[in-house]
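Protein chains in written order, with my numbering: chain A, 1 to 338; chain B, 339 to 676. To start, the structure under review is shown below, and the notes come after it.
2 protein chains.
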Amino acid sequence: MDRKIATIQDVARAAGVSAATVSRTLSRPAVVAEATREAVLSAIAQTGYRVNATASNLRRQRTGTVIVLLPNIANPFFSQILAGLSSILTPARYGMLIADTKSGPDPQDRLADYLASGQADGLVVLDGTISPATLEMPSRPPAVAVCEWTQSAMPSVRVENDRGAALAVAHLAELGHRRIGHVAGPPANVLTRARLEGYRRALEMHGLPVRDDWVLEGDFTMASGAAAAEVWLAMAERPTALFLSSDEMAVGFIGAVQRAGFRVPRDVSIVGFDNIEIAQHLSPPLTTIRQPRTRLGIRAAEILLSMIESGTRDERSEVIEVELILRGSSGPPPAGTR
Amino acid sequence: MDRKIATIQDVARAAGVSAATVSRTLSRPAVVAEATREAVLSAIAQTGYRVNATASNLRRQRTGTVIVLLPNIANPFFSQILAGLSSILTPARYGMLIADTKSGPDPQDRLADYLASGQADGLVVLDGTISPATLEMPSRPPAVAVCEWTQSAMPSVRVENDRGAALAVAHLAELGHRRIGHVAGPPANVLTRARLEGYRRALEMHGLPVRDDWVLEGDFTMASGAAAAEVWLAMAERPTALFLSSDEMAVGFIGAVQRAGFRVPRDVSIVGFDNIEIAQHLSPPLTTIRQPRTRLGIRAAEILLSMIESGTRDERSEVIEVELILRGSSGPPPAGTR
DNA sequence: CGCTTGCCTGCAAACGATTACATCATCGCC
DNA sequence: GGCGATGATGTAATCGTTTGCAGGCAAGCG
Numbered sequence: 001m002d003r004k005i006a007t008i009q010d011v012a013r014a015a016g017v018s019a020a021t022v023s024r025t026l027s028r029p030a031v032v033a034e035a036t037r038e039a040v041l042s043a044i045a046q047t048g049y050r051v052n053a054t055a056s057n058l059r060r061q062r063t064g065t066v067i068v069l070l071p072n073i074a075n076p077f078f079s080q081i082l083a084g085l086s087s088i089l090t091p092a093r094y095g096m097l098i099a100d101t102k103s104g105p106d107p108q109d110r111l112a113d114y115l116a117s118g119q120a121d122g123l124v125v126l127d128g129t130i131s132p133a134t135l136e137m138p139s140r141p142p143a144v145a146v147c148e149w150t151q152s153a154m155p156s157v158r159v160e161n162d163r164g165a166a167l168a169v170a171h172l173a174e175l176g177h178r179r180i181g182h183v184a185g186p187p188a189n190v191l192t193r194a195r196l197e198g199y200r201r202a203l204e205m206h207g208l209p210v211r212d213d214w215v216l217e218g219d220f221t222m223a224s225g226a227a228a229a230e231v232w233l234a235m236a237e238r239p240t241a242l243f244l245s246s247d248e249m250a251v252g253f254i255g256a257v258q259r260a261g262f263r264v265p266r267d268v269s270i271v272g273f274d275n276i277e278i279a280q281h282l283s284p285p286l287t288t289i290r291q292p293r294t295r296l297g298i299r300a301a302e303i304l305l306s307m308i309e310s311g312t313r314d315e316r317s318e319v320i321e322v323e324l325i326l327r328g329s330s331g332p333p334p335a336g337t338r
Numbered sequence: 339m340d341r342k343i344a345t346i347q348d349v350a351r352a353a354g355v356s357a358a359t360v361s362r363t364l365s366r367p368a369v370v371a372e373a374t375r376e377a378v379l380s381a382i383a384q385t386g387y388r389v390n391a392t393a394s395n396l397r398r399q400r401t402g403t404v405i406v407l408l409p410n411i412a413n414p415f416f417s418q419i420l421a422g423l424s425s426i427l428t429p430a431r432y433g434m435l436i437a438d439t440k441s442g443p444d445p446q447d448r449l450a451d452y453l454a455s456g457q458a459d460g461l462v463v464l465d466g467t468i469s470p471a472t473l474e475m476p477s478r479p480p481a482v483a484v485c486e487w488t489q490s491a492m493p494s495v496r497v498e499n500d501r502g503a504a505l506a507v508a509h510l511a512e513l514g515h516r517r518i519g520h521v522a523g524p525p526a527n528v529l530t531r532a533r534l535e536g537y538r539r540a541l542e543m544h545g546l547p548v549r550d551d552w553v554l555e556g557d558f559t560m561a562s563g564a565a566a567a568e569v570w571l572a573m574a575e576r577p578t579a580l581f582l583s584s585d586e587m588a589v590g591f592i593g594a595v596q597r598a599g600f601r602v603p604r605d606v607s608i609v610g611f612d613n614i615e616i617a618q619h620l621s622p623p624l625t626t627i628r629q630p631r632t633r634l635g636i637r638a639a640e641i642l643l644s645m646i647e648s649g650t651r652d653e654r655s656e657v658i659e660v661e662l663i664l665r666g667s668s669g670p671p672p673a674g675t676r
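Have a look at this one:
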């Protein structure tokens with residue numbers, strides 16, 4: 001009988017027990033007698049039975065699915081977090097439903113749909129721009145945010161963005177730079193604000209000039225890094241070093257200034273943020289702030305799972321450490337600029 | 339009553355009709371009387387009813403979910419395809435269940451689980467190394483592969499890998515190169531074979547030497563590209579140009595030879611494959627073969643959907659065109675090497 | 001020997017939707 | 001006026017599991 005999938009009834013019949021006993025054998029083996037258990041297990045093996053998750057979920061009022069909200073799947077930054085999430089959720093037999101908040105019609109509505117219809121046991125929010133109101137549904141499942149999130153009381157996992165920025169600035173200051181610029185992320189993003197703040201405070205702490213015209217606006221993409229390079233090239237008084245809020249922007253920036261005939265770090269020092277894989281393969285390799293994205297995903301998944309399984313709303317948030325990775329894109333400032 | 343989610347029964351009661359009528363109003367509005375329909379719709383709005391997908395799926399013997407098998411979520415190459423898939427599947431109200439075939443215990447078994455328990459209405463295979471046997475389950479749902487796939491009769495969407503390789507070689511040959519090497523992908527991967535074959539045939543067609551020691555083995559990663567560079571650097575008689583089977587490997591290769599003091603394309607010309615975003619931001623920008631990854635995902639999703647909805651096994655495969663993108667990493671060979 | 005106590009197991013009722021079939025009213029037509 | 005056709009709605013079975021409850025049986029105890 002290869003045609004149809006065996007049901008719990010088929011197994012029960014084969015083992016000469018009731019469906020209830022089969023179910024118990026699977027969920028709480030301890031309560032069924034040894035002999036029965038063996039009979040059931042062999043019947044399962046023989047019939048090739050697999051529990052039908054849909055039926056099980058319906059009965060148990062759960063879904064076995066976690067929704068992951070992100071603004072853009074194609075961004076490698078998020079995919080690393082996804083990998084971390086997956087490494088925890090998959091073994092725990094939870095599926096991940098990826099919801100691209102930017103694609104498709106009416107994403108807000110679709111989201112509400114998912115949440116309200118109990119489509120998911122949990123929610124991971126990677127999109128820093130989702131309106132918190134959307135998430136305040138009466139019957140929202142446990143959720144965890146992977147970014148700072150001030151408005152909502154949702155537990156979160158995040159990195160020390162301000163400290164990362166401070167590390168970058170401190171490193172450049174120690175090298176002797178006194179004119180340190182910054183390329184920020186999109187203004188609406190919470191990460192942007194934290195890193196910008198960290199940058200500003202670190203400059204002050206080192207007694208360095210804080211100049212608004214040395215803070216350029218980007219959007220984390222390579223293209224915006226390249227655009228920032230054009231602005232830098234056109235400046236009358238250029239910073240001798242730049243801290244960029246993402247490695248991707250740093251890649252774009254470095255490529256653009258190199259093509260314009262400048263050398264890194266001889267003419268300008270660069271520090272990125274993220275430590276994406278390519279950072280070490282660039283020439284020069286990129287000095288950056290390591291952000292353990294896989295770990296972010298892992299911790300988020302762990303927190304979410306514990307909330308789901310315990311049924312409690314754990315409000316504990318977690319901050320993950322960052323670290324300066326010293327490579328070749330930062331060096332002493334050009335002579336005569338001190 | 340914000341506590342619990344309204345069921346179809348609640349709606350029926352509120353509208354003064356039976357549950358069946360509510361269901362019909364939603365699925366086949368034409369068959370219910372105008373007045374009834376309005377009453378039902380207003381009751382739905384009033385109760386905030388959302389159909390419970392789990393129950394619906396159980397009854398209709400479907401899942402509303404498509405499984406996507408991939409070897410590594412964190413790879414930006416795949417995430418672009420995912421974005422394409424998502425842009426079609428999400429509006430069609432199918433969820434994507436991402437299954438990382440490399441993570442977690444016993445991936446093969448987990449996969450079999452998913453398929454056998456009818457967890458999914460469809461399957462997208464992005465992993466070129468999955469054993470076809472695994473996919474030949476008696477009750478496998480419609481599936482589509484996004485790569486060449488010779489063993490199985492599964493429909494597929496793929497790019498002209500051999501032609502891409504030929505384009506790369508032709509370009510280098512036209513520039514005057516006569517010693518053209520190749521860095522291949524992992525041997526088990528079908529893409530590897532197609533590109534390697536295309537490379538070899540193109541060399542022959544141009545009357546150029548085909549030397550096995552000029553074919554290096556990689557695995558598509560930047561690290562393996564850097565490793566290939568070490569091998570190249572140590573060669574007694576070096577190729578003056580290389581075609582690499584992925585842009586990531588090209589990035590690793592270029593970085594490594596640049597750090598060793600070589601210049602691209604002055605000392606060696608490089609052509610990659612994929613046209614990932616970073617290609618244009620490198621210095622020099624990377625000449626490569628464009629592979630429309632988003633479109634691959636879109637077409638795969640469209641084919642899969644049509645198979646699911648029509649219930650037929652559409653065996654049609656589709657080949658998507660590639661294109662040579664001319665940038666700065668390729669140029670004439672060093673003097674005296676012709 | 002009778003009664004309590006545990007241990008297993010089966011019965012049957014959910015879970016929430018869909019849909020084949022039955023029912024009933026209405027209408028048109030001869 | 002009777003009869004079939006048509007259209008709208010309700011009834012109830014069904015999808016495959018899980019689980020509260022109860023029953024049966026054996027052992028232990030007084």
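Where a beta carbon is used, it is the ideal one built from N, C-alpha and C, also for glycine. Source: prediction; values computed, not measured.
Give the residues of chain B in contact with residue i, contact being defined as C-beta atoms less than 7 Å apart.
{"i": "methionine 154/A", "result": "Near methionine 154/A there are no residues of chain B at all, since even the closest Cβ is about 19 Å away, more than 7 Å."}
{"i": "glutamine 258/A", "result": "Ser621"}
Applying the 10 Å Cβ sphere with the 16-neighbour rule, what's the burial state of residue i?
{"i": "leucine 69/A", "result": "buried"}
{"i": "glutamine 258/A", "result": "buried"}
{"i": "valine 349/B", "result": "buried"}
{"i": "methionine 154/A", "result": "buried"}
{"i": "leucine 312/A", "result": "The identity of residue 312/A in the sequence shown is threonine, whereas the question assumes leucine. With fewer than 16 Cβ atoms within 10 Å of its Cβ, threonine 312/A is classed as exposed."}
{"i": "glutamine 629/B", "result": "buried"}
{"i": "serine 27/A", "result": "exposed"}
{"i": "proline 29/A", "result": "exposed"}
{"i": "methionine 222/A", "result": "buried"}
{"i": "serine 621/B", "result": "buried"}
{"i": "methionine 205/A", "result": "exposed"}
{"i": "leucine 167/A", "result": "buried"}
{"i": "valine 599/B", "result": "Checking the sequence shown, residue 599/B turns out to be glycine, not valine. It is exposed - the Cβ of glycine 599/B has fewer than 16 other Cβ atoms within 10 Å."}
{"i": "serine 249/A", "result": "Residue identity differs from the one stated: residue 249/A is methionine in this sequence, not serine. Buried."}
{"i": "glutamine 345/A", "result": "Outside the shown range of chain A, which is 1 to 338, sits residue 345/A, and nothing can be said about it."}
{"i": "methionine 235/A", "result": "exposed"}
{"i": "alanine 45/A", "result": "exposed"}
Residues in the same chain with beta-carbon distance under 6 Å from residue i, minus the five sequence neighbours each way, listed in chain order, please.
{"i": "alanine 638/B", "result": "Val462, Val482, Val484 and Val495"}
{"i": "threonine 363/B", "result": "Val370, Arg375 and Val378"}
{"i": "alanine 226/A", "result": "Gly252 and Ala256"}
{"i": "glycine 343/A", "result": "One cannot answer for residue 343/A here, as it falls past the ends of chain A, which runs 1 to 338."}
{"i": "valine 159/A", "result": "Gln291, Ile320 and Val322"}
{"i": "histidine 177/A", "result": "Thr240, Ala241 and Pro333"}
If you drop the 5 nearest sequence neighbours on each side, which residues of the same chain put their C-beta closer than 8 Å to that of residue i?
{"i": "arginine 538/B", "result": "Val548"}
{"i": "glycine 635/B", "result": "Gln418, Ile419, Leu420, Ala421, Gly422, Leu423, Ser424, Ser425, Ile426 and Val484"}
{"i": "leucine 305/A", "result": "Ile88, Leu89, Ala92, Tyr94 and Gly122"}
{"i": "leucine 554/B", "result": "Gly519, His520, Val521, Ala522, Ala566, Val569 and Trp570"}
Give the residues of chain A in contact with residue i, contact being defined as C-beta atoms less than 7 Å apart.
{"i": "isoleucine 411/B", "result": "Ser79, Leu82, Ala83 and Ser86"}
{"i": "valine 589/B", "result": "Ile278 and His281"}
Once you ignore the five residues that flank residue i on each side, which residues in its own chain have a CB closer than 7 Å to its CB?
{"i": "arginine 163/A", "result": "Gly198 and Val322"}
{"i": "proline 239/A", "result": "Arg179, Ile180, Gly181 and Trp214"}
{"i": "proline 76/A", "result": "Ile276"}
{"i": "threonine 530/B", "result": "Ala522, Gly523, Pro524 and Ser583"}
In chain B, which residues lie with their C-beta within 8 Å of the C-beta of residue i?
{"i": "leucine 244/A", "result": "Chain B residues near leucine 244/A: none, gap ~13 Å exceeds 8 Å."}
{"i": "aspartate 100/A", "result": "Ala421, Ser424, Ser425 and Thr428"}
Residue i versus chain A: which residues are under 8 Å apart at the beta carbon?
{"i": "leucine 546/B", "result": "None at all; the shortest Cβ gap to chain A is about 29 Å."}
{"i": "methionine 434/B", "result": "Leu97 and Ile98"}
{"i": "glycine 669/B", "result": "In chain order: nothing, as chain A lies at least about 15 Å away."}
> Quick one: complete beta strand (DSSP E) runs, 3+ long, within the region 363-441 of chain B?
Replying inline: 403-408 and 433-438
> Which whole runs of the alpha helix (DSSP H) in the region 589-654 of chain B are 4 residues long or more, in chain order?
Replying inline: Restricted to the region 589-654 of chain B, the alpha helix (DSSP H) segments that are unbroken, complete and at least 4 residues in length are 631-648, listed in chain order.
>> For the region 213-242 of chain A, list every residue whose C-beta sits within 9 Å of some C-beta in chain B, in sequence order.
In response: Thr221, Met222, Ala223, Gly225 and Ala226
>> Give the list of continuous alpha helix (DSSP H) stretches no shorter than 4 residues that lie fully inside the region 174-226 of chain A.
In response: 190-205
> Listed from N- to C-terminal order along the chain, which residues in the region 379-407 of chain B have their beta-carbon within a distance smaller than 8 Å of any beta-carbon of chain A?
Replying inline: Gly386, Arg388, Val389, Asn390, Ala391, Thr392, Ala393, Asn395, Leu396, Thr401 and Thr403
> Using a beta-carbon distance cut-off of less than 9 Å, what residues from the region 160-178 of chain A approach chain B?
Replying inline: For the region 160-178 of chain A, no residue has a beta-carbon sitting nearer than 9 Å to a beta-carbon of chain B.
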